[in-house]
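Enquirer: Quick one: the structure is below, questions incoming.
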Amino acid sequence: MPGIVLTLPIVAGKVEAWRRFCQEMSSSRLQMYEASRRRLGITRERLALVETAFRSATVTTLEAQDVGQALGQIITSALPFDCWYREQVQELHGVNLAGYEHFAQPVSPPQNQELLFEWTHSYA
Numbered sequence: 009m010p011g012i013v014l015t016l017p018i019v020a021g022k023v024e025a026w027r028r029f030c031q032e033m034s035s036s037r038l039q040m041y042e043a044s045r046r047r048l049g050i051t052r053e054r055l056a057l058v059e060t061a062f063r064s065a066t067v068t069t070l071e072a073q074d075v076g077q078a079l080g081q082i083i084t085s086a087l088p089f090d091c092w093y094r095e096q097v098q099e100l101h102g103v104n105l106a107g108y109e110h111f112a113q114p115v116s117p118p119q120n121q122e123l124l125f126e127w128t129h130s131y132a
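Numbering (the numbering used here), first residue to last: 9 to 132.
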């Protein structure tokens, strides 16, 4: 399955807010999250926290048949969950998703990461 790995820094002081963001997606917003990802054709998403002596960052892995189309739809969707997701990325990472291609990392995820969220859907 085609995929992409995005590595994004976390804004200083926002690690706990990022943890809450992951928790919200896996609990109170799970149904909206799953509907969004099914609509986008995303079959797997992993969000991992990497903490170094210098700063904290996240490693996001997305898998979809058409990753570019899925990311494009995340960026342009007017649906409430997708808007909320983009707002969280802006607040927690200081990154406007319109420039996502600048953050693509064609390398394996770091070994010292702490996996906080993972979702896989089988279209069986």
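We put the CB at the ideal spot given by N, CA and C, even for glycine.
Does the pairing of the segment 20-37 with the segment 78-87 give three or more beta-carbon distances under 8 Å?
Expert: In short, these stretches do not touch, since the Cβ pair count stays below three.
Enquirer: Note down the Cα distance separating GLU53 from TRP127, rounded to an integer number of angstroms.
Expert: C-alpha separation (whole angstroms): 5 Å.
Enquirer: Anyone know if the C-beta pair for LEU55 and LEU105 falls short of 8 Å?
Expert: Cβ distance not < 8 Å, so LEU55 and LEU105 don't count as in contact.
Enquirer: Can you find the residues in the same chain that come closer than 8 Å, C-beta to C-beta, to LEU16, ignoring five residues on each side of it along the sequence?
Expert: So the list reads ALA65, THR66, THR68, VAL97, HIS101, VAL103, PHE111, once near-sequence residues are dropped.
Enquirer: Count the other CB atoms, across all protein chains shown, that sit within 10 Å of the CB of ARG45; report buried if there are 16 or more and exposed otherwise.
Expert: When all chains shown are included, ARG45 counts as buried.
Enquirer: For ASP90, does the count of other Cβ atoms within 10 angstroms reach 16, so buried, or fall short, so exposed?
Expert: Flag for ASP90 reads buried.
Enquirer: Residues bridged to ARG47 by DSSP?
Expert: Answer by DSSP bridge pairing: none, since ARG47 is not bridged.
Enquirer: Does ARG94 come out as helix, strand or coil in the three-state DSSP assignment?
Expert: It is helical.
Enquirer: For LEU48, count neighbouring Cβ atoms within 10 angstroms of its own Cβ and tell me buried if that reaches 16, exposed if not.
Expert: Buried, because 16 or more other Cβ atoms sit within 10 Å of the Cβ of LEU48.
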